[in-house]
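First residue of the sequence shown: 8, per my numbering; consecutive thereafter.
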Amino acid sequence: MNAINRWIGFIFLAFITVLMFNKGIDLWFLGTNVDGDGIGIHFLGLEINDRVADENIPTYATGFFVASLITLLIAFAAVGKTVLKLKGNKTAC
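Given below as structure tokens:
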């Protein structure tokens, strides 16, 4: 995988990380303040669960936080390899 593909992957994973973190924040602030039996959780147009009980909403928020942390770590691991290669490849000017 060349350096350009790694940077594109980093940008994509960073974007997904921000979206997951934002969804986690939305769910965290929503908390258990819902009408009826529960809510439906959607991410990027995909339905994750159509009926989440109000006491399980913080668990889903935590799941989105953890998933965003994992994707961030994967993004930095992919681009870190490229940065280390560039660091070790110093040429005389």
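Cβ coordinates follow ideal geometry from the N, Cα and C atoms, glycine included.
| Just to confirm, does Val41 get its C-beta within under 7 Å of one of the non-hydrogen atoms of the ligand MN? | For the structure depicted, the ligand MN is absent and the ligand set is empty, with no information on it obtainable.
Exercise for the section: Leaving out five residues on either side along the sequence, give the residues of the same chain with a beta carbon under 7 Å from the beta carbon of Glu62. Expected result: Within the same chain, Glu62 has close Cβ partners Thr39.
* Asked: What whole-angstrom Cβ distance do Thr24 and Thr89 have, given they're in contact under 8 Å?
  -> So it is not a contact: roughly 18 Å between Cβ atoms.
Separation of Ala82 from Trp14, as counted between CA atoms: Going from the Cα of Trp14 to the Cα of Ala82 covers about 9 Å.
Problem set entry | Reference Arg58; option with closest CA among His49, Phe50, Gly45 and Gly70 | Closest in alpha carbon position to Arg58, among His49, Phe50, Gly45 and Gly70, is Gly45.
Worksheet item: alpha helix (DSSP H) containing Leu20: first to last residue?
Response: Segment Ala10 to Leu37, the alpha helix (DSSP H) holding Leu20.
Exercise. Does the separation of the CB atoms of Ile64 and Leu34 fall below 8 Å?
Worked result: A contact, by the Cβ cut-off of 8 Å.
Query raised in the report: Which residues bound the beta strand (DSSP E) around Asn56?
Result: Per DSSP, the unbroken beta strand (DSSP E) holding Asn56 starts and ends at Leu53 to Ala60.
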